[in-house]
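Asks:
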Amino acid sequence: MLILGIETSCDETSAAVVSDGQVILSNVIRSQEDLHERYGGVVPELASRRHVTAIIPVIDLALRDAGVSKDEIDAIAVTEGPGLAGSLLVGMNTAKALSMAWDVPLIPVNHLEGHIYSNWLTEDQSDSTFQPPRFPCVCLIVSGGHTELVLIRDHGHFEVLGRTIDDAAGEAFDKGARILRLGFPGGPAIQRASAEGKMGRHTFPRAWLGDSYDFSFSGLKTALLREVEKYKREPSRPKKVVSTDPFPVHEPPEYSPNMPASDIAADFQDAIVDVLVKKTERAAQEHRASMVVLAGGVAANSLLRKRLENALSVPLRSPSLRLCTDNGAMIAGAGYYLYQRGIIASFDLDISPQLPLVSDTALEPS
Ligand code: KG4
Ligand code: ZN
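Start counting the sequence shown at 0; every next residue gets the next number (numbering that gives the first Met the number 0).
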């Protein structure tokens, strides 16, 4: 079964063709990093406008890369939510139009379920040894918008054990990088800086929140602000704002050249990873998980992967780096298993920017 997956929930326009929920035939990802970089974060209005111009060429290319025609597509899977409303709308309306025009079913996919299913995919079409993850497994979803620890008992059976009560892990990386003036997106920037830095010179708090599996990263950001405060100084040049710019960038503070940004970044990264690893390891033990799966943009973090691998007594499955960040293949992959369980949408399907991750049983009418 060939599914076209469409993902536009944030700042990546992506379309992919996946066979039987496992083999990626194509996965075209148009990142908008260049657009949002100067603002140090995603500007929703700009993101949705860029999705509008990118979506059709991206789908065209996904079909061409896969070497299939539109007539060979059996279903279209699209991100329903959570995400930015204006961005989600572009993918949703395109998917609905194509589903109607091509007369194929429309499958609504929760973005978080998509991230989970990035672990069920392979880019190697000739890999006959590929094994999908085993249940029950614990999945740590860590992205720019989410930090969730999920127990997965079977396809469609999710139990959210804990989530962030304030900032997401990726958001903490992005805000941290912005404070340290390391660039955007923050995760890769902090990882790069940390590689040059020495750990153990700066102390950052860990929010354990008792025995819960919830996370909190906003205190860490405040601690970082306090740390860099010592190195702040007045801008050497007068502030320059271009008046015609609809989103003027405020001149960031300047730091003394003596600020050990890489050392600070290394301890900041360590504080985030420490909490993620310890809570995931405890959840895996308590729920006797067969394995742990990682998902989301922050899953690309090499310290997180290494520390988790060392801490766990069960195998760790992580997606390839390309499948960590938002992409259409994960939506097509999740869509396949939803379709197998008879979940398809009617044309009155709407976007759901706050959509939570729930089990199928919770979706069934009472
Ligand atoms: O999953 P994703 O592409 O988008 C969301 O659904 O949010 O995740 C993007 C997030 C950003 O916050 C980015 O800074 C973070 O993933 N990220 C990383 C790394 N690569 C991307 N965080 C830590 N280390 C990385 N290597
Ligand atoms: Zn995502």
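Note that beta-carbon positions come from the ideal geometry of N, C-alpha and C, so glycine has one too.
For ASP349, verify whether its CB is less than 7 Å away from any heavy atom of the ligand ZN.
Replies: Translated into positions along the sequence shown, residue 349 becomes position 350. Every heavy atom of the ligand ZN is 7 Å or more from the Cβ of ASP349, so no.
Asks: What residues match up with GLU147 in a beta bridge as DSSP calls it?
Replies: Residue mapping note: residue 147 aligns to position 148 of the sequence shown, counting from 1. Bridge partners of GLU147: ILE140 and ARG162.
Asks: Quick check on HIS201: does DSSP put it in helix, strand or coil?
Replies: Within the sequence shown, the letter at position 202 stands for residue 201. HIS201 falls in the coil class under three-state DSSP.
Asks: Judging by CA-CA distance, which residue of TYR335, SER351 and ILE330 is the nearest neighbour of ILE5?
Replies: As a working mapping, residue 5 is identified with position 6 in the sequence shown. Nearest option by C-alpha distance: ILE330.
Asks: Compare the C-alpha of ARG281 against each of TRP101, VAL313 and PRO259 and name the closest.
Replies: Locating residue 281 in the sequence shown gives position 282, where the first residue counts as 1. Of TRP101, VAL313 and PRO259, the residue nearest in Cα terms is VAL313.
Asks: Am I right that THR279 and LEU148 are in contact with their C-beta atoms under 8 Å? What's the rounded C-beta distance?
Replies: Taking the first residue of the sequence shown as position 1, residue 279 is located at position 280. Taking the first residue of the sequence shown as position 1, residue 148 is located at position 149. Their Cβ separation, rounded to whole angstroms, is 6 Å, which keeps THR279 and LEU148 in contact under 8 Å.
Asks: Taking a contact to mean a Cβ-Cβ separation below 8 Å, would you say ILE2 touches VAL17 in this structure?
Replies: By one-based count along the sequence shown, residue 2 stands at place 3. By one-based count along the sequence shown, residue 17 stands at place 18. For ILE2 and VAL17, yes; Cβs fall inside 8 Å.
Asks: Over the uninterrupted beta strand (DSSP E) stretch that includes SER13, give me the two end residues.
Replies: If you number the sequence shown from 1, residue 13 lands on position 14. Element bounds for SER13: 11-18.
Asks: Any idea if SER255 is buried or exposed, counting beta-carbon neighbours within 10 angstroms, 16 or more meaning buried?
Replies: The residue you call residue 255 lines up with position 256 of the sequence shown. It counts as exposed.
Asks: Which residues in the same chain have their Cβ closer than 7 Å to the Cβ of VAL41, if we skip the five residues on either side of it in sequence?
Replies: To locate residue 41, count along the sequence shown from 1; it is residue 42. Only CYS9, ASP10 and HIS35 meet the Cβ criterion.
Asks: Should SER86 be listed as close to the ligand ZN, given that the test is whether its C-beta is under 7 Å from any heavy atom?
Replies: Looking up residue 86 in the sequence shown gives position 87. Checking the Cβ of SER86 against the ligand ZN gives no.
Asks: Could you tell me if LYS95 is buried or exposed, where buried requires 16 or more neighbouring beta carbons within 10 angstroms of its beta carbon?
Replies: Residue 95 sits at position 96 when you count from the first residue of the sequence shown. LYS95 comes out buried.
Asks: Can you tell me which residues form a DSSP beta bridge with MET290?
Replies: As a working mapping, residue 290 is identified with position 291 in the sequence shown. Looking at the DSSP assignment, MET290 forms a beta bridge with CYS136.
Asks: Taking 5 Å as the limit, tell me which residues put their C-beta closer than that to any heavy atom of the ligand ZN, in chain order.
Replies: Listed by chain position, these are SER142 and ASP325.
Asks: Check whether the Cβ of PRO259 sits closer than 7 Å to any heavy atom of the ligand KG4, and report yes or no.
Replies: Counted from its first residue, the sequence shown places residue 259 at position 260. Checking every heavy atom of the ligand KG4 against the Cβ of PRO259, none is found closer than 7 Å.
Asks: Count Cβ pairs between the segment 164-182 and the segment 131-138 that sit closer than 8 Å; are there 3 or more?
Replies: Verdict: no, contact absent.
Asks: Is there at least one non-hydrogen atom of the ligand MG closer than 7 Å to the beta-carbon of GLY295?
Replies: Inclusion of the ligand MG in the displayed structure is not the case, the ligand content consisting of the ligand KG4 and the ligand ZN alone.
Asks: In this structure, what does DSSP give as the bridge partners for THR121?
Replies: Locating residue 121 in the sequence shown gives position 122, where the first residue counts as 1. Answer is VAL22.
Asks: On the DSSP letters alone, give me the boundaries of the beta strand (DSSP E) that GLU71 sits inside.
Replies: Numbered from 1 along the sequence shown, position 72 holds the residue referred to as residue 71. GLU71 -> no beta strand (DSSP E), and no H or E assigned at all.
Asks: Here's a check: name, in chain order, each residue in its chain whose Cβ is nearer than 6 Å to the Cβ of HIS50, leaving out the five neighbours to either side.
Replies: Start at 1 with the first residue of the sequence shown, and residue 50 comes out as number 51. Correct list, in chain order: THR7, THR12, SER86 and VAL89.
Asks: Distance, Cα to Cα, PRO43 vs LEU83?
Replies: As a working mapping, residue 43 is identified with position 44 in the sequence shown. As a working mapping, residue 83 is identified with position 84 in the sequence shown. Computed Cα separation, rounded: 7 Å.
Asks: Heavy atom of the ligand KG4 less than 7 Å from the Cβ of ASN26, yes or no?
Replies: By 1-based counting over the sequence shown, the position of residue 26 is 27. No, since every heavy atom of the ligand KG4 falls outside the 7 Å radius drawn around the Cβ of ASN26.
Asks: Would you check if the distance between the CB atom of ALA14 and the CB atom of ILE58 is smaller than 8 Å?
Replies: Reading the sequence shown from its first residue, position 15 is the one you call residue 14. Reading the sequence shown from its first residue, position 59 is the one you call residue 58. Yes, Cβ-Cβ distance for ALA14 and ILE58 is below 8 Å.
Asks: In terms of residue numbering, what span does the alpha helix (DSSP H) encompassing GLY4 cover?
Replies: Residue 4 sits at position 5 when you count from the first residue of the sequence shown. Looking at the DSSP string, GLY4 is not in any alpha helix (DSSP H); the run it does join, the beta strand (DSSP E), is 1-6.
Asks: Considering just the uninterrupted stretch of the beta strand (DSSP E) at ASN92, what are its terminal residues?
Replies: Within the sequence shown, numbered from 1, the residue matching residue 92 stands at position 93. Where ASN92 is concerned, there is no enclosing beta strand (DSSP E), although the alpha helix (DSSP H) it sits in stretches over 84-101.
Asks: From LYS69 to GLU308, what distance separates their C-alpha atoms?
Replies: Here residue 69 corresponds to residue number 70 of the sequence shown, with the count starting at 1. Here residue 308 corresponds to residue number 309 of the sequence shown, with the count starting at 1. Rounded to whole angstroms, LYS69 to GLU308 spans 41 Å at the Cα level.
Asks: On the three-state DSSP scale, how would you describe HIS229?
Replies: Working through the sequence shown from its first residue, we reach residue 229 at position 230. The sequence shown places Lys at residue 229, rather than the His named in the question. In this structure, LYS229 counts as coil in the three-state DSSP scheme.
Asks: If ILE189 and ALA264 are in contact, beta carbons under 8 Å, what's the gap, nearest whole angstrom?
Replies: Here residue 189 is taken as the residue at index 190 of the sequence shown, counted from 1. Here residue 264 is taken as the residue at index 265 of the sequence shown, counted from 1. Between ALA264 and ILE189 the Cβ distance is about 5 Å, and since that is below 8 Å, they are a contact.
Asks: Say whether the segment 317-325 touches the segment 115-122, bearing in mind that this needs 3 or more beta-carbon pairs closer than 8 Å, one atom from each stretch.
Replies: Yes, since at least three Cβ pairs between the segment 317-325 and the segment 115-122 fall closer than 8 Å, the two stretches touch.
Asks: Nearest CA to the CA of ASN257: which residue from ASP269, LYS229 and ASP266?
Replies: Here residue 257 refers to the residue found at position 258 when the sequence shown is read from its first residue. Answer by Cα proximity: LYS229.
Asks: When you measure from the CB of CYS9 to every non-hydrogen atom of the ligand KG4, does any distance come out below 7 Å?
Replies: By one-based count along the sequence shown, residue 9 stands at place 10. Yes - the ligand KG4 has a heavy atom lying nearer than 7 Å to the Cβ of CYS9.
Asks: Please list, in chain order, all residues of the same chain as PRO352 whose beta carbon is under 8 Å from its beta carbon, the five residues on each side excluded.
Replies: Position 353 of the sequence shown holds residue 352. Excluding residues within five positions, the ones whose Cβ falls inside 8 Å are GLY80, PRO81, GLY82, LEU83, ALA84 and LEU87.
Asks: Flag this pair as yes or no: are the beta carbons of PHE157 and VAL357 separated by less than 8 Å?
Replies: For the purposes of this step, residue 157 is taken as the residue at position 158 of the sequence shown. For the purposes of this step, residue 357 is taken as the residue at position 358 of the sequence shown. It is a contact, given that the beta carbons lie within the stated cut-off.
Asks: Assuming ILE343 is part of the beta strand (DSSP E), what are its boundary residues?
Replies: Taking the first residue of the sequence shown as 1, we reach residue 343 at position 344. Here ILE343 belongs to no beta strand (DSSP E), and DSSP marks it neither H nor E.
Asks: Work out the CA separation of SER211 and ALA168 for me, nearest whole Å.
Replies: As a working note, residue 168 is residue 169 in the sequence shown. As a working note, residue 211 is residue 212 in the sequence shown. Cα-Cα distance, rounded: 17 Å.
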